[in-house]
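A.B. asks: This structure is in structure tokens; I'll ask about it shortly.
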Amino acid sequence: ARSTPGMRVLLDAARAAGVPVEDVERSALDAWAPDHQGVVAFATTPSPRTFGERDLATVPFTEDAVVVVLDGIEDPQNLGAVVRAAEAAGASMVVTRTRRSAAITDAAVRASAGALLHLPLARVANIPRALDRLRDRGFTVVGLDGERGTSVFDEPAPPGPLALVLGSEGRGMSRLAKEHCDLLVALPMRGRVGSLNAAAALAAALWSYVLPRRTG
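For the sequence shown, the numbering used here begins at 495 and goes up steadily by one.
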């Protein structure tokens with residue numbers, strides 16, 4: 495297996511990073527990770543950078559910062575996938591609830607492809623109050639709401655720092671979260687399936703609505 499191009503690249507990277515490599519029987523790999531592809535790595539996972547609600551008033555943000563606010567994402571894998579999309583789009587932070595919300599588990603970290611270890615995460619008790627704190631910092635709060643008639647294509651995203659709020663896949667945003675948004679926008683659905691999963695919806699909104707103003 496060491497002779498394959500992919501394995502040679504991996505071994506070269508391990509050697510350059512000073513990571514020891516040991517050849518073992520496949521049965522050992524199977525016991526450690528049944529879904530492996532010929533390699534198993536043991537590592538100590540660093541803790542994600544987490545903040546509280548009060549930190550939203552003091553943490554530094556750039557003038558075009560994007561903060562993703564999750565109102566009710568309860569599945570760890572969904573959390574990881576959403577954070578992966580947010581980090582790939584250059585978001586500054588993800589905000590999520592402390593109760594009735596997905597915990598930061600190994601499954602969440604895996605689903606995020608490591609993004610949870612790079613993107614700061616704020617866990618707050620009250621989403622509407624957190625939105626008010628962001629608004630006090632100059633953020634425009636935009637909620638992604640499939641029931642609204644205003645499409646992400648109808649007008650560009652507001653300039654300046656922006657908080658994009660995403661509800662759960664089943665119930666969407668809570669009533670109070672909607673009331674604390676400055677704008678509500680929808681992704682137009684043209685097929686027979688009437689919705690996207692949370693990560694796909696967030697990615698579509700970020701790349702079609704938020705990023706064009708920031709990338710030109």
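For every residue, glycine included, the Cβ atom is placed at its ideal position computed from N, Cα and C.
Note that the coordinates shown come from a computational prediction; the quantities given were computed from them, not determined experimentally.
Where S662 and A525 are concerned, what is the direct C-alpha to C-alpha distance, given to the nearest angstrom?
C.D. replies: Your numbering for residue 662 matches position 168 in the sequence shown. Your numbering for residue 525 matches position 31 in the sequence shown. If I take the Cα positions, the gap works out to 36 Å.
A.B. asks: Taking the Cβ atom as the reference point for each residue, do F545 and A602 lie within a distance shorter than 8 Å?
C.D. replies: Counting from 1 along the sequence shown, the entry for residue 545 is found at position 51. Counting from 1 along the sequence shown, the entry for residue 602 is found at position 108. Taking 8 Å as the Cβ cut-off, F545 and A602 do not qualify as a contacting pair.
A.B. asks: Within this structure, are the beta carbons of A583 and V560 separated by less than 8 Å?
C.D. replies: Stepping through the sequence shown from its first residue, residue 583 is reached at position 89. Stepping through the sequence shown from its first residue, residue 560 is reached at position 66. Going by C-beta atoms, A583 is nearer than 8 Å to V560.
A.B. asks: Quick test of your reading: A624 and V563, contact by CB under 8 Å. State the CB separation rounded to the nearest angstrom.
C.D. replies: Residue numbering aside, residue 624 sits at position 130 when the sequence shown is read from its first letter. Residue numbering aside, residue 563 sits at position 69 when the sequence shown is read from its first letter. Indeed they touch by this definition, with Cβ atoms about 7 Å apart.
A.B. asks: For the alpha helix (DSSP H) holding D529, just list the boundary residues, first then last.
C.D. replies: The residue given as residue 529 occupies position 35 in the sequence shown. Note, D529: premise wrong, no alpha helix (DSSP H); not H, not E.
A.B. asks: Identify every residue that forms a DSSP beta bridge with D565.
C.D. replies: Residue 565 sits at position 71 when you count from the first residue of the sequence shown. In DSSP, D565 forms a bridge with G661.
A.B. asks: Less than 8 Å separating the beta-carbons of D569 and M667?
C.D. replies: Taking the first residue of the sequence shown as 1, we reach residue 569 at position 75. Taking the first residue of the sequence shown as 1, we reach residue 667 at position 173. No, the pair does not count as a contact, with Cβ atoms beyond the cut-off.
A.B. asks: Bridge partners of M587, per DSSP?
C.D. replies: Locating residue 587 in the sequence shown gives position 93, where the first residue counts as 1. Beta-bridge pairing links M587 to V561.
A.B. asks: Counting along the chain, where does the beta strand (DSSP E) carrying V553 start and finish?
C.D. replies: The count along the sequence shown starts at 1 and reaches residue 553 at position 59. Segment: none, V553 is in no beta strand (DSSP E) and carries neither H nor E.
A.B. asks: Look up V636 in the DSSP assignment and say whether it is helix, strand or coil.
C.D. replies: Along the sequence shown, read from residue 1 onward, the residue named residue 636 stands at position 142. Strand.
A.B. asks: Looking at the secondary structure, which residues open and close the beta strand (DSSP E) in which R509 lies?
C.D. replies: Locating residue 509 in the sequence shown gives position 15, where the first residue counts as 1. Looking at the DSSP string, R509 is not in any beta strand (DSSP E); the run it does join, the alpha helix (DSSP H), is 499–511.
A.B. asks: Exposed or buried, what is L656 when buried is set at 16 or more other beta-carbons lying within 10 Å of its beta-carbon?
C.D. replies: Position 162 of the sequence shown, counted from the first residue, corresponds to residue 656. L656 should be labelled buried.
A.B. asks: If you drop the 5 nearest sequence neighbours on each side, which residues of the same chain put their C-beta closer than 8 Å to that of L493?
C.D. replies: Limits of the chain in this structure are 495 at one end and 710 at the other, which puts residue 493 out of reach.
A.B. asks: Please state whether the Cβ-Cβ distance between A693 and A507 is less than 8 Å.
C.D. replies: As a working note, residue 693 is residue 199 in the sequence shown. As a working note, residue 507 is residue 13 in the sequence shown. The answer is no: Cβ separation not under 8 Å.
A.B. asks: Taking its Cβ as the centre, do 16 or more other Cβ atoms sit within 10 Å of D639, making it buried, or is it exposed?
C.D. replies: Taking the first residue of the sequence shown as position 1, residue 639 is located at position 145. By the 10 Å Cβ count, D639 comes out buried.
A.B. asks: The alpha helix (DSSP H) spanning R617 covers which residue range?
C.D. replies: On the sequence shown, residue 617 is found 123 positions in, with the first residue counted as 1. That residue, R617, is in no alpha helix (DSSP H); its beta strand (DSSP E) goes 615–618.
A.B. asks: Pick out whichever of I567, A605, H612, V553 has its Cα sitting closest to the Cα of G664.
C.D. replies: Counted from its first residue, the sequence shown places residue 664 at position 170. It is I567 whose Cα lies nearest to the Cα of G664.
A.B. asks: Does DSSP put V712 in a helix, in a strand, or in coil?
C.D. replies: Since the first and last residues shown for the chain are 495 and 710, residue 712 lies out of range.
A.B. asks: By alpha-carbon positions, which one of G608, T634, P614, M683 ends up nearest to R642?
C.D. replies: By 1-based counting over the sequence shown, the position of residue 642 is 148. The candidate whose alpha carbon is nearest that of R642 is M683.
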